[in-house]
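The structure appears below as structure tokens.
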Amino acid sequence: MEEVELVDHYLYTKDHEWVEIDGETATVGITEYAQASLGDITFIELPSIDDEVEQFGDFASVESVKAASDIFAPVSGSVAEVNTELEEEPGLINKSCYEKGWIAKIAIADIEEKNSLMTADEYQNFLVSSG
Amino acid sequence: MSITEQNLLRTPLYNAHVALNARMVPFGGWEMPVQYEGILTEYEHTRNGAAVFDISHMGEFIVEGDLKESSLDKIVTMRLDDLPVKSSRYGCICNEDGGVIDDCIIFRLEERKWFVVVNGATIDKDAAHFQKHLTDKAVFTNVSMDLGKIDIQGPQSRDALMHLVPEIKSLEYFKFDYFTLCDEENILISRTGYTGELGFEIFFPWDKTEKLWQKLLNNDTVKPAGLGARDILRLEAGYSLYGHELNDQLSPLESGLSRFVDLDKDFIGRDYLLKQRQEGLPQKIVGFISESRRSPRAEQKILSENEEEIGWVTSGCFSPQLGKGIGLGMVKTDFAKRDTKIFFGADKTKVPAIISSRIFYKSESIKS
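From first to last, the protein sequence lines are chains A and B.
Taking the numbering used here, the leading residue of the first sequence gets 88, the next gets one more, and so forth.
Taking the numbering used here, the leading residue of the second sequence gets 305, the next gets one more, and so forth.
Here it is in structure tokens:
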């Protein structure tokens, strides 16, 4: 499969979420591969502030013109902030999945969990091997 | 017939779709483009400009013979005896039990010659039904694999098509005529469509269809659109899709097509429909609008305000016009009233919605 656009310093999950870890905060979104597969996103159900989430547990959901899909938390913690702009304009995820289309920030409970995530290179290889 | 990925049928435009990087999907036994650039972009282009759709998978039959003597009149639900030549009419083909075998458009080519357009997934079933019920006074020909079909739809479709066929200008809604197009003579062009916009359907020789496709796309205002956009367009316009709003277990009355059923004439399934009309319909198709951007999906449940199960979603999508989810659903008649509050969803989700007209969007262009 073709190379997809990735951000080098982000970490990735097998379910096609990305996470940017900055100290004790993890900003979470979905990858270029995920947004392209979903197609135009028309709805997002965001988590609530202070929701406790578990690593790889579902914490948000999206609907696109093609399908509905759950989004899983890359790390455990509590939801600190959500991107409310997406409620009015979920298509931001299609337009800018790594920046303006971020979904939520999680206050990280256990920084060691990042070891079970993939680097950009590892994720790229994962896409190639599974695609 | 069971269909596997290995024996999907391809339209004459398959290579053209692949060249345009279309995403191809199985659809009713055919390998069809679901999108090119993106579903919403293609949707917007159809509502505001002009888009071309490959509809070559649809089936076409020619029936030669007198309407009554051939028994064609008994096979379809709509009135045909008053249909003028060069006009077309929409209706259903019913089984003895009043269920819908297919929906179709019939074109009156001549006083005693008819052109029947049916769905791609049901060609074999429909052809067998016609051959079984037509009398020996009819000559039946299945020309489905001889004719490709391109629909050009959108408020600018007439201007775009006039570049190739200036005479198209005066063609009226649900009328058709024959034109010379791309050096081919006697091409049937009909002013009909499935998007709710001004539009034309072009029937073209199968092996020359790609030439027409390229010619139409040479115009900068014309873009290709796939089945994904087509489904949103038809749903906003309130049109039925066979296999969703219509099937052989549901009567056309339940499916909300009574104005395409002439109960004053004799046709297969009529007795059942008369009985159903007399006794009252147990269920009906309704339109409904989600209170949010959350969209219904086919086969989800519909619940009443008291969370009693009252039906199912037959089609659903996000409506760009309304900025909300919209759907069609089959519900118990007691609940089929405008402004009734309902819920749709699967086990986990329960989304509030309101029953509405099934026509979610009316274009100014369609009859212009």
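No residue lacks a Cβ here, since even glycine has one placed at the ideal position from N, Cα and C.
Just so it is clear, the structure is predicted and the values come from calculations on it, not from any experiment.
Practice task
Report yes if the C-beta distance between residue 564 (chain B) and residue 455 (chain B) is below 9 Å; otherwise report no.
Solution key: Translated into positions along the second sequence, residue 564 (chain B) becomes position 260. Translated into positions along the second sequence, residue 455 (chain B) becomes position 151. Judged by their CB atoms, residue 564 (chain B) and residue 455 (chain B) are not nearer to each other than the 9 Å cut-off.
Problem - Residue range of the beta strand (DSSP E) that includes residue 327 (chain B) - result: Taking the first residue of the second sequence as position 1, residue 327 (chain B) is located at position 23. Where residue 327 (chain B) is concerned, the enclosing beta strand (DSSP E) stretches over 327–331.
Problem - Meets three-Cβ-pair contact criterion under 8 Å: the segment 389–399 of chain B and the segment 345–362 of chain B - result: The segment 345–362 of chain B and the segment 389–399 of chain B do not touch, with fewer than three beta-carbon pairs separated by less than 8 Å.
Practice task
Report the rounded CA-to-CA distance for residue 434 (chain B) versus residue 668 (chain B), giving the unit in angstroms.
Solution key: For this step, residue 434 (chain B) is matched to residue 130 along the second sequence. For this step, residue 668 (chain B) is matched to residue 364 along the second sequence. Between the C-alpha atoms of residue 434 (chain B) and residue 668 (chain B) there is a straight-line separation of about 37 Å.
Problem - Under 7 Å (Cβ pairs) to chain B, residues found in the segment 124–143 of chain A - result: Result list: 126, 127, 129, 130.
Handout entry: Interfacial residues, the segment 431–454 of chain B to chain A, with Cβ spacing under 9 Å
Key = Of all residues in the segment 431–454 of chain B, none has a Cβ within less than 9 Å of some Cβ in chain A.
Practice task
Output yes if chain B places a C-beta closer than 9 Å to the C-beta of residue 187 (chain A); else output no.
Solution key: The residue labelled residue 187 (chain A) in the question sits at position 100 within the first sequence. For residue 187 (chain A), the answer is no, since every Cβ of chain B falls outside 9 Å of its Cβ.
Exercise for the section: Could you tell me the distance, in whole angstroms, from the CA atom of residue 320 (chain B) to the CA atom of residue 589 (chain B)? Expected result: As a first step, residue 320 (chain B) must be located in the second sequence, where it is residue number 16. As a first step, residue 589 (chain B) must be located in the second sequence, where it is residue number 285. Cα to Cα, residue 320 (chain B) sits roughly 37 Å from residue 589 (chain B).
Handout entry: Start and end residues, beta strand (DSSP E) containing residue 485 (chain B)
Key = For the purposes of this step, residue 485 (chain B) is taken as the residue at position 181 of the second sequence. For residue 485 (chain B), the uninterrupted beta strand (DSSP E) segment begins and ends at 480–485.
Exercise for the section: Evaluate residue 548 (chain B) with the Cβ neighbour count: other Cβ atoms within 10 Å of its Cβ, from every protein chain shown; 16 or more gives buried, anything less gives exposed. Expected result: For the purposes of this step, residue 548 (chain B) is taken as the residue at position 244 of the second sequence. That one is buried.
Problem - C-beta contact flag for residue 526 (chain B) and residue 354 (chain B) at 9 Å - result: Along the second sequence, one-based indexing puts residue 526 (chain B) at 222. Along the second sequence, one-based indexing puts residue 354 (chain B) at 50. Taking 9 Å as the Cβ cut-off, residue 526 (chain B) and residue 354 (chain B) qualify as a contacting pair.
Problem - Pairwise C-alpha distance: residue 657 (chain B) and residue 594 (chain B) - result: Numbered from its first residue, the second sequence carries residue 594 (chain B) at position 290. Numbered from its first residue, the second sequence carries residue 657 (chain B) at position 353. Answer to the nearest angstrom: the Cα atoms are 4 Å apart.
Practice task
Counting only runs of 3+ residues fully inside the segment 569–606 of chain B, write out the beta strand (DSSP E) ranges in chain order.
Solution key: Taking 3 residues as the minimum length, the beta strand (DSSP E) runs contained wholly in the segment 569–606 of chain B are 587–594, in order along the chain.
Problem - residue 497 (chain B) vs residue 457 (chain B) beta-carbon contact at 9 Å - result: The residue labelled residue 497 (chain B) in the question sits at position 193 within the second sequence. The residue labelled residue 457 (chain B) in the question sits at position 153 within the second sequence. Yes; because the gap between Cβ atoms is below 9 Å, this pair is in contact.
Exercise for the section: Taking residue 659 (chain B) and residue 592 (chain B) to be in contact with their CB atoms under 8 Å, please state how far apart those CB atoms are, rounded to whole angstroms. Expected result: Residue numbering aside, residue 659 (chain B) sits at position 355 when the second sequence is read from its first letter. Residue numbering aside, residue 592 (chain B) sits at position 288 when the second sequence is read from its first letter. Correct: roughly 5 Å between the Cβ atoms.
Practice task
From the DSSP output, in three-state form, read off residue 613 (chain B) for me.
Solution key: The sequence position of residue 613 (chain B) within the second sequence is 309, counting from 1. Residue 613 (chain B) carries a strand assignment under DSSP once its states are collapsed to helix, strand and coil.
Practice task
Give the straight-line distance between the Cα atoms of residue 653 (chain B) and residue 135 (chain A), rounded to the nearest whole angstrom.
Solution key: Here residue 653 (chain B) refers to the residue found at position 349 of the second sequence. Here residue 135 (chain A) refers to the residue found at position 48 of the first sequence. The straight-line gap separating the alpha-carbon atoms of residue 653 (chain B) and residue 135 (chain A) is approximately 17 Å.
Practice task
Return the first residue and the last residue of the alpha helix (DSSP H) that residue 517 (chain B) is part of.
Solution key: As a working note, residue 517 (chain B) is residue 213 in the second sequence. Counted as a single uninterrupted DSSP element, the alpha helix (DSSP H) harbouring residue 517 (chain B) occupies residues 513–521.
Practice task
Give a yes or no on contact between the segment 166–177 of chain A and the segment 190–210 of chain A, applying the rule of three or more CB pairs nearer than 8 Å.
Solution key: When Cβ pairs closer than 8 Å are counted between the two stretches, the segment 166–177 of chain A is seen to touch the segment 190–210 of chain A, the count reaching three or more.
Practice task
Would you please verify whether the beta carbon of residue 669 (chain B) is less than 9 Å from any beta carbon of chain A?
Solution key: The residue you call residue 669 (chain B) lines up with position 365 of the second sequence. Chain A contact via Cβ: absent.
Problem - Through-space distance from residue 333 (chain B) to residue 306 (chain B), alpha-carbon basis - result: Counting from 1 along the second sequence, the entry for residue 306 (chain B) is found at position 2. Counting from 1 along the second sequence, the entry for residue 333 (chain B) is found at position 29. No answer about residue 306 (chain B) holds up, because its pLDDT of 40 lies below 50 and its placement is not dependable.
Handout entry: Reduced DSSP secondary structure (H/G/I, E/B, other) of residue 656 (chain B)
Key = The sequence position of residue 656 (chain B) within the second sequence is 352, counting from 1. Shown here, residue 656 (chain B) sits in a strand according to DSSP, grouped into three states.
Exercise for the section: Please check if any C-beta of chain B sits within less than 9 Å of the C-beta of residue 106 (chain A). Expected result: Locating residue 106 (chain A) in the first sequence gives position 19, counting from the first residue. By this cut-off, residue 106 (chain A) is not an interface position.
Problem - Pairwise C-alpha distance: residue 215 (chain A) and residue 555 (chain B) - result: Along the second sequence, read from residue 1 onward, the residue named residue 555 (chain B) stands at position 251. Along the first sequence, read from residue 1 onward, the residue named residue 215 (chain A) stands at position 128. About 49 Å.
Problem - chain A contact for residue 622 (chain B) (CB, 9 Å cutoff) - result: Translated into the one-based positions of the second sequence, residue 622 (chain B) becomes position 318. Yes, its Cβ sits closer than 9 Å to a Cβ of chain A.
Exercise for the section: Please determine, among B:339, B:614, B:311, the residue with the shortest C-alpha to C-alpha distance to residue 323 (chain B). Expected result: Along the second sequence, one-based indexing puts residue 323 (chain B) at 19. The residue with the shortest Cα to Cα distance from residue 323 (chain B) is B:339.
Problem - Collapsed DSSP secondary structure at residue 281 (chain B) in the structure displayed - result: The displayed coordinates of chain B run from 305 to 672. Any statement about residue 281 (chain B) would go beyond what the structure contains.
Exercise for the section: Return the residues of the segment 335–355 of chain B that lie within a Cβ-Cβ distance of less than 9 Å from chain A, sorted by chain order. Expected result: Listed by position along the chain: 338, 339, 342, 343, 344, 345, 347.
Exercise for the section: Mind checking the segment 508–539 of chain B against chain A and listing, in chain order, the residues whose C-beta falls within less than 8 Å of any C-beta there? Expected result: So the close ones are 532, 536.
Exercise for the section: Assess, as a yes-or-no matter, whether the segment 358–377 of chain B is touched by the segment 439–448 of chain B under the definition of 3 or more beta carbon pairs within less than 8 Å. Expected result: A contact is defined here as three or more CB-CB pairs under 8 Å, and the segment 439–448 of chain B meets this definition with respect to the segment 358–377 of chain B.
Problem - Buried/exposed call for residue 308 (chain B), threshold 16 Cβ in 10 Å - result: Taking the second sequence and counting its residues from 1, one reaches residue 308 (chain B) at position 4. With a pLDDT of 48 at residue 308 (chain B), under the threshold of 50, the modelled position of that residue is not reliable, and no figure is offered here.
Handout entry: Nonlocal neighbours in the same chain, by C-beta distance under 7 Å from residue 608 (chain B), ignoring five residues either side
Key = Your numbering for residue 608 (chain B) matches position 304 in the second sequence. For residue 608 (chain B), same chain residues with a beta-carbon under 7 Å away, outside a window of 5 residues either side, are 614, 639, 646 in chain order.
Handout entry: Simplified DSSP assignment, three categories, for residue 637 (chain B)
Key = The residue labelled residue 637 (chain B) in the question sits at position 333 within the second sequence. Note: residue 637 (chain B) maps to helix in three-state DSSP.
Practice task
Would you check if the segment 502–514 of chain B and the segment 124–131 of chain A touch, i.e. whether three or more CB-CB distances between them fall below 8 Å?
Solution key: As far as the Cβ criterion goes, the segment 124–131 of chain A does not touch the segment 502–514 of chain B, which means the pair count is below three.
Practice task
Buried or exposed for residue 423 (chain B), please, with buried defined as at least 16 other CB atoms from any protein chain shown within 10 angstroms of its CB.
Solution key: Locating residue 423 (chain B) in the second sequence gives position 119, where the first residue counts as 1. Classification of residue 423 (chain B): buried, given that the 10 Å Cβ count is 16 or more.
Practice task
Please report how far the alpha carbon of residue 481 (chain B) lies from the alpha carbon of residue 612 (chain B), in whole angstroms.
Solution key: In the second sequence, counting from the first residue as 1, residue 481 (chain B) sits at position 177. In the second sequence, counting from the first residue as 1, residue 612 (chain B) sits at position 308. Each residue's Cα considered, the two are about 51 Å apart.
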